[in-house]
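Asker: There's a structure below that I have some questions on.
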Amino acid sequence: MKDSVQAIDIVIAWVDGNDTNLKNKRRKFMNQAEPSNALEDTRFASNDEIYFCIASILKFVPYSGTIYVVTDQQQPKWLDQFEQQGLCEAGKIKIIDHREVFNGYESALPTFNSLSIESMLWNIPGISDYFIYLNDDFFFNQASRQQDFLVDDQMVIYGHWQRNFIKKVKYLLRKFVQNKFGKIAQPKYSMAQMLSADCVGLSRYYEIHHRPHILSKALLANYFGQHPLFLQQQIRFKFRNIDQILPVGLSNHLAIKNNQAILKNDVEIAYLKDGRDLEPFIQALSNEHIKFGCIQSLDQLEQRDEQRIRHALVDKFREVLPSQIQPTIAG
């Protein structure tokens with residue numbers, strides 16, 4: 001293993017779904033032919049998770065390089081406070097607009113589709129050769145080492161193998177029903193993973209779950225460079241579509257094919273999906289063996305449950321959260 005630790009950039013996808021301009025822009029492209037679960041407001045909701053996400057990186061990821069926040073002509077209201085209060089060095093956190101990410105592919109804009117955006121992250125100017133990607137509702141729960149993601153040039157991938165066959169049959173059946181009867185096929189996370197293996201000739205996919213993931217700029221850039229029409233098809237959808245692959249899965253499966261991957265079993269995460277997860281999630285926040293967390297649909301919780309989560313997260317990251325915003329994001 002190399003002795004030197006090279007900084008790994010981190011990319012966070014963020015959207016403020018409450019922004020009137022964005023809502024109006026999105027509404028222009030919405031129609032009845034879109035999958036219903038790709039249009040749900042909670043997919044575009046912002047509930048201050050971005051601040052916990054960034055605080056967790058500053059606290060637990062000493063090898064992090066630049067933190068890129070990918071947005072569509074937006075900026076989190078208090079993002080500048082991290083730098084202004086000396087919680088990170090100048091230039092550590094950078095806003096990067098969709099127009100920069102899609103430079104050379106502007107015909108795909110505007111987009112409201114996480115899978116399309118993820119497909120273009122390799123195109124961020126100056127991004128490190130390997131970078132960590134996470135949604136704004138992910139966070140680091142305990143101290144992380146670079147070896148959690150990268151050992152020399154080997155990408156560390158956590159998950160388990162699944163066969164493509166059953167998922168492929170379901171995919172083809174849903175496509176048939178959609179084409180024959182007009183019933184719109186709903187995009188599924190696991191199906192997008194299967195397609196990401198299928199497109200590179202694998203009969204199995206290495207299933208992953210909601211946590212930060214390492215990606216290879218070179219693997220993605222080279223693949224899309226060799227398959228430009230495939231990329232155009234992938235990013236043309238304004239909202240998530242059943243025909244799209246999971247870009248993280250594509251990077252993973254290319255690494256596996258190229259013998260650039262270290263495969264490890266699934267790891268437990270602090271996961272909050274609804275009120276039933278409340279107590280286990282709060283307990284997991286102090287579990288030193290659980291390195292990653294995910295807060296899904298915070299806006300869907302009852303108010304008292306949401307406040308408990310917010311208070312617990314503020315307590316956990318207090319020393320790396322700007323002091324002025326702590327009372328506000330605590331709820």
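Take the sequence shown: its position 32, counted from the start at 1, is 32 in UniProt numbering, and no numbers get skipped.
C-beta: ideal position from N, C-alpha, C; glycine also.
The model shown is predicted, which means the values in this text are computed figures rather than measured ones.
1) Assign Ala221 to buried or exposed, taking buried as 16 or more other Cβ atoms, counted over all protein chains shown, within 10 Å of its Cβ.
2) Report the three-state DSSP secondary structure of Phe44 (helix, strand or coil).
3) If I follow the unbroken beta strand (DSSP E) through Asp72, where does it start and stop?
4) Between the C-alpha atoms of Met30 and His289, what's the straight-line distance to the nearest angstrom?
5) Alpha carbon to alpha carbon, what distance is there between Ile282 and Ala312?
6) Roughly how many angstroms separate the alpha carbons of Phe181 and Leu172, rounded to a whole number?
7) Anyone know if the C-beta pair for Phe176 and Phe292 falls short of 8 Å?
8) Going residue by residue through the stretch 167-202, where are the continuous alpha helix (DSSP H) segments of at least 4 residues, counting only ones entirely within it?
9) So Tyr223 packs on Leu250, CB below 8 Å; how close in whole Å?
10) Short check: CB of His253 to CB of Leu202, under 8 Å?
11) Inspect the CB distances between the stretch 191-210 and the stretch 253-264 and report whether three or more fall short of 8 Å.
12) Can you grab the Cα-Cα spacing for the pair Ala197 / Leu115, in whole Å?
13) Rank Val320, Gln6, Arg27 by C-alpha distance to the C-alpha of Asp153 and give the top, closest one.
14) Starting from Gln162 and walking both ways along the beta strand (DSSP E), at which residues does that stretch end?
15) Output the residue ranges of the alpha helix (DSSP H) runs that lie fully inside the stretch 78-166 and measure 4 residues or longer, sorted by chain position.
16) Please check the pair Gln146 and Ile8, which I expect to be a contact at CB under 8 Å, by giving their CB distance rounded to whole angstroms.
Answerer: On the basis of the data shown:
1) Burial call: exposed.
2) Because the pLDDT of Phe44 is 48, which lies under 50, any placement of that residue in the model is unreliable, and the number read from its coordinates should be weighed accordingly. Three-state result, Phe44: coil.
3) No beta strand (DSSP E) contains Asp72, which DSSP labels as neither H nor E.
4) 43 Å
5) 7 Å
6) 14 Å
7) no
8) Entirely contained in the stretch 167-202, the alpha helix (DSSP H) runs reaching 4 residues are, in chain order, 189-198.
9) 7 Å
10) yes
11) yes
12) 15 Å
13) Gln6
14) 154-163
15) Annotation: the stretch 78-166 contains the following complete segments of the alpha helix (DSSP H) (minimum length 4 residues), in chain order: 81-84, 98-101, 114-118.
16) 7 Å
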